[in-house]
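In this note's numbering, the protein residues as written are 3 to 640.
C-beta: ideal position from N, C-alpha, C; glycine also.
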RNA sequence: GCCGAUGUGGCUCAGUGGCAGAGCAGCUGAUUCGUAAUCAGCAGGUCGGCGGUUCAAAUCCGCCCAUCGGCUCCA
């Protein structure tokens, strides 16, 4: 008997000599699963989801990421084959599976348009219908090179040249289409059921903007038509949460042609900004921060001193004042350094935490602007912390905690990256290593999970980056903690130590929201516009049933107004249903309906946007309820 | 910046060479209404901008601007 250990921890016994196919069949019955892929030695055989590596068998359902990846990768080959059939002179580059599907990069004299999608999909259908076996072939490096050279597929030869000298090179063949590929794949093209071409994009070969730009086709595939439909529906739903759409509908902000990348905040958007800032100030006061404000325009000499002139110039805006050269600040730090230098400092003041909610301008390339997520003028909730070297870990950990307090307040899940030394940077290798190690140590001591993001640090130091997701699961960097040994050096910052001598302080830059603009964008999508009451631009709307109750409605309005509740009185000449619909679409937390009944017993009928009708209560009762909700910044009462 | 697509009233969109349209929003009037759209009327556009082709351009061509989806870059 043969004992095989499975991923679920169970051992199962099989006859010696049983084929994996039979094991898969057996599993298929046991699990009553409709998943149908088996992976063995890189070749997917038919049945249940089984992978073996080193004699260990693991099973997967088709919904498992690995199986789905294989499935999509095969779909990607089918798409490439279809494209090569339709436009034979097309060269193929790479075509991996990605999070929500797959893409393939092509170099073709034919310019693809969305009109081609139907044609390509039809050709794919033919390939699927023909159910060509997918065969793995192993070549030596030389054989593989010769093979692709003869085909003129120079992207493939370039890839092979990058592989290890002695590597066995695998090709996967389906009918007349052969692709360089590590595999694995489905056993034949007929296994692919549901797929759809999604969009076109340009993409540089190997992600380098100096290289040839290729045409990328994004597509997706699912084992079932219904799963594909679900995905398409989800995309439609996500579009409804888009902060650009909601920003317009809810009157939060606008972006105009007159100022590309420079958002205008409207009254309702300002309420959210101001509430965020208020909350920020409260928490920072508790955490021992002071607040400053530094100028937006400062002279060239300062930016030369800070290193921005050399390392950041292409992102800066410049201006001239009385024949002197000035720049609009892209970061708050140099101003913060100058403030530090206004006094002599003692080690006794440390850690010294100085915050600044500062407006910065960065010249971003035109093609990267994206609603509030990526703009050219934004407000960073910055702070610089000056400290002794042995306070670093403790301070970083305190910032990690502070960020957690904020993100929890909004119910965010976040992921963390440690970004290391970029190509364009200042300072010695040793300093970088020391700084990077400190950040890693703090993360480890907090037990945080994080990924290394190589080369993505700021030019003056490594950083811990916090990423939040938008409605389409695109991630955006918000919070960041940056350890900086450079600025104190450049600005010759010092403090008097216990020994009476001058020393160099260590500095952290950190933001929590990151950019208030971006944060509002993320918040809008996160809540789908239904902001928690403490943030909601309008917290309650009073709706008289008809004109007869306008006076009574006015008295309620005044009561709420006097309690600083953001409320509106809707005395338009419309029916109740119309006004309720309007209030719901504006995502106002509470609608207060007043009519004959309410006027008679001095009450209001309260309707919550999610909970529906809450019944009748007095104005005082409502005020007490909503005031607690606002005071405690309740995230949800749904 | 690069690749592709798009741009028509405040918003969403029809209109593919021959008189610029609809719905919603707005305004006026009627209605006085009980939990997601009451009825009628009125008003509103240099069709993103500039140039070209044509008897005639929202429509065809060129350049530019902005937006959208990506790439690169980044809070």
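message: For a test of the three-state rule: what should DSSP assign to residue 149, helix, strand or coil?
response: helix
query: the ligand ZN heavy atoms versus the CB of residue 167: any closer than 8 Å?
result: The ligand ZN is absent from the structure shown, which contains no ligand whatsoever.
message: If you measure between the beta carbons of residue 487 and residue 436, is that distance less than 9 Å?
response: Contact flag set, yes.
message: What would DSSP say about residue 541, mapped onto helix, strand or coil?
response: coil
query: residue 370 lies in the beta strand (DSSP E); which residues open and close that run?
result: Segment: none, residue 370 is in no beta strand (DSSP E) and carries neither H nor E.
query: In the DSSP assignment, what are the bridge partners of residue 323?
result: 326
DSSP state of residue 478 mapped onto helix, strand, coil: strand
message: Please classify residue 537 as buried or exposed, where buried requires at least 16 other C-beta atoms within 10 Å of its C-beta.
response: buried
Burial state of residue 614 (16 or more Cβ within 10 Å): exposed
message: Looking at the secondary structure, which residues open and close the alpha helix (DSSP H) in which residue 187 lies?
response: Careful: residue 187 lies outside any alpha helix (DSSP H) and carries neither H nor E.
message: Quick test of the definition: if touching needs 3 or more C-beta pairs under 8 Å, does the region 375 to 382 touch the region 352 to 363?
response: yes
- request: Output the distance between the C-alpha atoms of residue 539 and residue 527, rounded to the nearest integer angstrom.
  value: Cα to Cα, residue 539 sits roughly 16 Å from residue 527.
message: If you reduce the DSSP assignment to three classes, tell me which class residue 517 lands in.
response: coil
message: Less than 9 Å between the beta carbons of residue 572 and residue 544, yes or no?
response: yes
query: On the three-state DSSP scale, how would you describe residue 643?
result: Because residue 643 is not part of the residues shown, which for the chain are 3 to 640, the question remains open.
- prompt: Is the number of C-beta pairs between the region 79 to 95 and the region 118 to 131 that are closer than 8 Å three or more?
  reply: yes
field: Reference residue 164, options 154, 146, 590 and 423, closest by Cα
entry: It is 146 whose Cα lies nearest to the Cα of residue 164.
message: Taking only three categories from DSSP, how would you classify residue 73?
response: helix
message: Can you check which of these residues, 349, 99, 440 and 327, is closest to residue 501 by C-alpha distance?
response: 349
message: Using only CA atoms, which one of 508, 522 and 507 lies nearest to residue 514?
response: 522
Coil, strand or helix - residue 384 by DSSP: Reduced to three states, the DSSP call for residue 384 is strand.
query: Roughly how far, in whole angstroms, is the beta-carbon of residue 172 from the beta-carbon of residue 183, given that I think they are within contact range, below 8 Å?
result: Contact between residue 172 and residue 183 holds, with the beta-carbon distance rounding to 6 Å and staying under 8 Å.
Backbone secondary structure at residue 180 - three-state DSSP: strand
- prompt: Hey, would you say residue 308 sits closer than 9 Å to residue 589, going by beta carbons?
  reply: In this structure, residue 589 does not lie closer than 9 Å to residue 308 by Cβ.
task: With DSSP as the reference, please indicate the residues paired to residue 1 in a beta bridge.
output: Shown here, the chain extends from 3 to 640; a query on residue 1 therefore has no answer.
task: Determine the DSSP secondary structure at residue 505, reduced to helix, strand or coil.
output: Reduced to three states, the DSSP call for residue 505 is strand.
message: By alpha-carbon positions, which one of 620, 509 and 611 ends up nearest to residue 562?
response: 620
field: the region 313 to 325 contacting the region 340 to 355, beta-carbon criterion three pairs below 8 Å
entry: With contact defined as three or more Cβ pairs closer than 8 Å, the region 313 to 325 and the region 340 to 355 are not in contact.
query: How is the beta strand (DSSP E) around residue 614 delimited, first residue to last?
result: 614 to 619
- request: Would you decide whether residue 472 is buried or exposed? Buried here means 16 or more other CB atoms lie within 10 Å of its CB.
  value: buried
task: Under 6 Å Cβ to Cβ from residue 552, same chain only, skipping five residues before and after it: list those, please.
output: 546 and 573
field: Outcome for residue 200 when other beta-carbon atoms lying within 10 angstroms are tallied against a minimum of 16
entry: In this structure residue 200 is buried. Its beta-carbon is surrounded by 16 or more other beta-carbon atoms within 10 angstroms.
- prompt: Considering only residues of the same chain and omitting the five flanking positions on each side of residue 1, which have a CB-CB separation below 6 Å?
  reply: Nothing about residue 1 can be reported from this structure: the residues present for the chain run from 3 to 640 only.
query: So is residue 355 buried or exposed if we call it buried at 16+ other beta carbons inside 10 Å?
result: By the Cβ-count criterion, residue 355 is buried, with 16 or more other Cβ atoms from all chains shown falling within 10 Å of its own Cβ.
- request: For residue 598, count neighbouring Cβ atoms within 10 angstroms of its own Cβ and tell me buried if that reaches 16, exposed if not.
  value: exposed
message: Quick check on residue 338: buried or exposed, where buried means 16 or more other Cβ atoms within 10 Å of its Cβ?
response: The residue in question, residue 338, is buried, as its Cβ has 16 or more Cβ neighbours within 10 Å.
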